[in-house]
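Chains as they are written, first to last, in our numbering: chain Z, 91 to 198; chain E, 535 to 649.
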């Protein structure tokens, strides 16, 4: 089992809709979780981090964490074409361990 | 805060040559990480430093790879006798561990092409 798993996509969402990205992790002791956005040919850019169970909102982005289910998600409201990118989920246990990323395409 | 800086941004080298990448972390960040990323994959951990001490090395880091962080400031990653499989983007990241937030910031990456 991979340490961090994501659906590789591609995930296509109409402009203005909600994009939902999911991630599961294997280490039950993990404490902090991160979402990075990566445009093609660029380096990862931090979007959000979450430590506690529940929801954390930042603008159009909401991160959700369920430690009992070992599940992290990222919701993007009012999706824009500029949100088209690969979204990387990462778990921080002394170092970041990444999933393979989900490629998101927002359709105008 | 000028961000994490990496140099060179792009490097094309012939198989068998040695290459060195440099990373300048965000000022006063005590942790520095190296990752490698190939197309369609997430970044893979290579090694990290706490100040000048190298705390962990991935098994991906064969004996052809070496990393240093003298004086706990900038870091270098050297690849000796490059192979075509070394072609990838090499990412450096830094973190102010213990400073709150445990947020890791990436540089723009160094692209390596081995021909």
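C-beta atoms are modelled at their ideal positions from N, C-alpha and C, and glycine is treated no differently.
Self-check item: residue 150 (chain Z) versus Z:134, Z:159, Z:172, residue with shortest Cα-Cα distance
Solution: Z:172
Self-check item: Three-state class that DSSP yields for residue 92 (chain Z) in the structure shown
Solution: coil
Quiz item: In angstroms, rounded to a whole number, what distance separates the CA positions of residue 702 (chain E) and residue 538 (chain E)?
Solution: For residue 702 (chain E) there is no data in the structure shown, the boundaries of chain E being 535 and 649.
Quiz item: residue 583 (chain E) CB to nearest chain Z CB: under 8 Å?
Solution: no
Self-check item: Cutoff 8 Å: residue 619 (chain E) Cβ touching any chain Z Cβ
Solution: no
Self-check item: residue 604 (chain E) (DSSP reduced to helix, strand or coil)
Solution: helix
Quiz item: residue 198 (chain Z) by DSSP, collapsed to three states: which one?
Solution: coil
Quiz item: Got a sec: is the Cβ-Cβ distance from residue 100 (chain Z) to anything in chain E below 8 Å?
Solution: no
Self-check item: Beta-carbon neighbours of residue 637 (chain E), restricted to chain Z and to distances below 7 Å
Solution: 136, 139
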